[in-house]
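What follows is a single structure, written as structure tokens, with notes after it.
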Amino acid sequence: MAELLSFLFSNIFLLLISFIVGLFLLDFVKSRKNGSQFPPGPRGVPFLGNILQVDFRNPTETLRQLRKEFGDIFSLQYFWKNTVVLNGFEVMKEALINRSEDIADRPPFPIYEKVGYSGDNKGLVLVPYGSSWKEQRRFTLCTLRNFGMGKKSLEERVTEEAQCLCSAFRSQKDQFNPHFLINNAVSNVICSIVFGDRFDYDDAKFQRFLHLFDAALKAESGLFAQILNEIPLLMNVPWLVDHVLQPEYELITFFKEIVSEHQKTWNPNYIRDFIDAYLVEMEKVKGDSATSFTEANLLMTTNDLFGAGTETTSTTLRWALLYMILYPDVQSKVQEEIDQVIGRERKPTMGDVLQMPYTNAVIHEVQRCGDILPLALPRMTYRDMEINGYNIPKGTTIITNLSSVLKDQQVWEKPFQFYPKHFLDENGKFVKREAFIPFSAGRRSCLGEQLARMELFLFFTTLLQQLTFEIPNDQPRPREDPFFALTLSPHPYNIHVVARG
21 MAELLSFLFS NIFLLLISFI VGLFLLDFVK SRKNGSQFPP GPRGVPFLGN
71 ILQVDFRNPT ETLRQLRKEF GDIFSLQYFW KNTVVLNGFE VMKEALINRS
121 EDIADRPPFP IYEKVGYSGD NKGLVLVPYG SSWKEQRRFT LCTLRNFGMG
171 KKSLEERVTE EAQCLCSAFR SQKDQFNPHF LINNAVSNVI CSIVFGDRFD
221 YDDAKFQRFL HLFDAALKAE SGLFAQILNE IPLLMNVPWL VDHVLQPEYE
271 LITFFKEIVS EHQKTWNPNY IRDFIDAYLV EMEKVKGDSA TSFTEANLLM
321 TTNDLFGAGT ETTSTTLRWA LLYMILYPDV QSKVQEEIDQ VIGRERKPTM
371 GDVLQMPYTN AVIHEVQRCG DILPLALPRM TYRDMEINGY NIPKGTTIIT
421 NLSSVLKDQQ VWEKPFQFYP KHFLDENGKF VKREAFIPFS AGRRSCLGEQ
471 LARMELFLFF TTLLQQLTFE IPNDQPRPRE DPFFALTLSP HPYNIHVVAR
521 G
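Just so we're on the same page, this note's numbering is the position in the sequence shown counted from 1, plus 20.
So, in structure tokens, the structure goes:
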């Protein structure tokens with residue numbers, strides 16, 4: 021009996037050793053770089069790769085340190101997936117402009133398939149490069165233009181919403197956090213386009229909706245989300261999936277209710293908003309099994325429009341107010357220019373921007389220094405490509421480190437400081453810098469760039485025309501370092517507003 025047990029244990033031990041050796045061999049094969057011409061990178065640990073070496077609370081700092089060691093193009097390994105990180109103005113110009121189609125694809129995001137982003141029903145942002153992407157982007161751009169993007173009609177909507185925001189600020193007692201009031205205002209612009217209406221700032225349903233967006237961003241940019249994307253098997257762990265995706269589930273439910281209400285009152289001869297226009301397009305292609313115009317895609321596209329049209333612009337405005345209270349001399353100069361060009365009574369218009377170089381420079385510097393979307397969204401190579409002597413195979417995930425361009429020490433005089441003179445020449449005239457790419461570039465550039473520029477100028481000038489912003493007397497100087505949750509946001513801060521007579 022003892023001999024039998026000894027035999028069994030020794031064989032089990034050998035099987036266990038063989039299994040472990042096999043796992044390490046599999047890991048070695050899976051984690052091999054794609055040839056000697058593949059970009060270098062830090063050595064990872066078995067099975068996990070470099071995922072534990074990246075600080076997901078401050079990934080831009082991790083990438084900045086790795087760039088110092090490995091150069092402008094380096095690779096990381098997340099579990100068994102190789103990812104290439106592009107850094108610096110020259111590399112980014114080559115990739116985003118000259119090789120735009122080569123990196124126009126998107127990698128799969130298993131967590132989003134769980135909420136409905138699957139197949140060709142991946143909206144605008146996550147859809148792979150191809151016919152569906154082209155179809156959806158073309159339709160969305162055309163529809164946004166029809167509803168006023170770049171036209172006087174939308175400019176008037178933004179101006180009216182800016183007036184509402186000023187009134188909301190004035191109604192606040194003493195000091196307050198401007199975060200959700202700004203979110204309300206910016207969201208209402210996209211609401212007017214997508215839903216055909218705006219919400220009151222105290223609307224409970226709308227407030228819930230905005231808080232869900234905030235929670236979703238934080239959850240989906242964290243370590244758990246990365247792990248779920250790299251190990252889809254873990255999607256079978258309900259509590260882990262719910263921890264990451266519960267806000268997203270509720271957002272999709274919100275959009276389903278809005279679409280359902282539209283379907284009940286929809287009239288193809290009277291198009292009220294983006295959803296109505298999409299329903300018309302769905303009716304046109306009814307019966308075509310190859311079409312990308314589906315109800316599922318309508319939900320995903322609507323979600324994408326809100327994510328792209330609200331978060332980045334509202335975060336930029338929060339940075340703008342923070343910089344104004346931290347740098348009151350800059351605020352005073354902006355107000356002087358507003359008084360000279362617009363005055364105190366007339367409402368600002370986009371026609372004013374050419375006569376306001378300092379204000380324009382300040383807005384651009386807010387975007388550069390605030391560095392709102394530092395890593396953009398991951399891309400994927402559409403075909404094999406070569407860049408700066410490195411070979412990157414088709415299907416490789418690409419991170420375009422926009423932060424490394426907006427704060428490139430080879431380009432900017434004071435890359436890590438708020439310095440509006442970055443965008444002014446020696447005569448005080450506005451200068452557009454080639455390395456200013458907060459909206460990315462190329463085929464996957466932000467399609468709402470024109471709308472965002474309009475909102476930033478009109479909201480910012482309207483606010484500073486009517487109000488002066490200060491640090492509350494009993495508050496310490498707010499933090500200037502960012503908080504990462506896909507976007508780089510200011511830490512919560514309070515302001516005190518004073519009406520300008």
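Yeah, the Cβ is synthetic: ideal placement off N, Cα and C, and Gly gets one too.
Buried versus exposed, by CB contacts within 10 Å (16 or more), residue i
i, result
"N107", "buried"
"I117", "exposed"
"L253", "exposed"
"R473", "buried"
"L34", "Below a pLDDT of 50, predicted positions are generally treated as unreliable, and L34, at 48, falls in that range; the measurement from the model is reported next regardless. Looking at its Cβ environment, which holds fewer than 16 other Cβ atoms inside 10 Å, L34 is exposed."
"Q355", "buried"
"T103", "buried"
"E281", "exposed"
"G371", "exposed"
"D324", "buried"
"F436", "exposed"
"T163", "buried"
"S152", "buried"
"R520", "exposed"
"L28", "Low confidence applies here, because L28 scores a pLDDT of 49, under 50, leaving its location unreliable; read the following figure in that light. That one is exposed."
"L374", "exposed"
"Q485", "buried"
"Q85", "exposed"
"A396", "buried"
"F39", "Model confidence at F39 stands at a pLDDT of 42, short of 50, so the residue's coordinates are unreliable; what they give is reported in the following sentence. The residue is exposed, with fewer than 16 neighbouring Cβ atoms inside 10 Å."
"P198", "buried"
"G61", "buried"
"D125", "buried"
"N571", "This structure does not reach residue 571, given that the chain is present from 21 up to 521, and the question cannot be answered."
"T332", "buried"
Supposed close pair residue i, residue j - CB separation, criterion 8 Å
i, j, result
"T335", "T507", "5 Å"
"F504", "H511", "Wrong, their Cβ atoms sit about 11 Å apart, outside the cutoff."
"I515", "L393", "24 Å between Cβ atoms; not a contact."
"V517", "F189", "5 Å"
"F244", "L232", "Going by Cβ atoms, the distance from F244 to L232 rounds to 18 Å, so no, they are not a contact pair."
"S138", "R463", "That belief does not hold up - the Cβ atoms of S138 and R463 are roughly 22 Å apart, past 8 Å."
"D404", "P413", "5 Å"
"L478", "V178", "5 Å"
"P130", "N287", "Wrong, their Cβ atoms sit about 39 Å apart, outside the cutoff."
"I491", "L337", "In fact, because the Cβ distance is near 18 Å, the residues do not count as touching under 8 Å."
"L299", "Q283", "7 Å"
Residues bridged to residue i (per DSSP)
i, result
"N101", "The question names Asn, but residue 101 is Lys in the sequence shown. In the DSSP output, where bridge partners are listed per residue, K101 has Y98."
"M405", "I412"
"L106", "I93, T420"
"E503", "The amino acid occupying residue 503 in the given sequence is Phe; Glu does not appear at that position. The partner list for F503 (beta bridge, DSSP) reads S509."
"F196", "I515"
"N493", "In DSSP, N493 forms no bridge with anything."
"Y290", "N287"
"N141", "S138"
"G69", "V65, Y98"
"F450", "L444"
"R399", "I418"
"D122", "Paired residues: none, contrary to the question."
Residue i CB to nearest heavy atom of the ligand MG below 7 Å
i, result
"A396", "No copy of the ligand MG occurs in the structure displayed, which carries no ligand at all."
Endpoints, the alpha helix (DSSP H) within which residue i is located
i, result
"A381", "377-390"
"F479", "469-486"
"A236", "224-240"
"F326", "315-326"
"Y132", "130-133"
"A245", "243-250"
"V261", "258-285"
"L164", "151-166"
"I295", "294-304"
N- and C-terminal bounds of the beta strand (DSSP E) containing residue i
i, result
"V350", "First-last for V350: 348-361, but that is the alpha helix (DSSP H), not the beta strand (DSSP E)."
Open item on the list: Within 8 Å, do at least three Cβ pairs link the stretch 213-221 to the stretch 289-298?
Closed with: yes
Open item on the list: For the structure I just gave you, are there three or more beta carbon pairs, one from the stretch 136-146 and one from the stretch 320-338, closer than 8 Å?
Closed with: yes
- [ ] Flag this pair as touching only if the stretch 452-467 and the stretch 420-434 have three or more C-beta atom pairs under 8 Å; answer yes or no.
- [x] yes
- [ ] Please confirm if the stretch 436-455 is in contact with the stretch 90-104, defined as three or more CB-CB distances below 8 Å between the two stretches.
- [x] no
TODO: Decide yes or no for the touch test of the stretch 385-392 against the stretch 61-79: beta carbon pairs closer than 8 Å, at least 3 of them.
DONE: no
Open item on the list: Could you check whether the stretch 173-182 touches the stretch 362-378, counting it as contact only if at least three pairs of C-beta atoms, one from each stretch, sit closer than 8 Å?
Closed with: yes
Open item on the list: Under 8 Å: do the stretch 221-228 and the stretch 255-269 share three or more Cβ pairs, one atom per stretch?
Closed with: no
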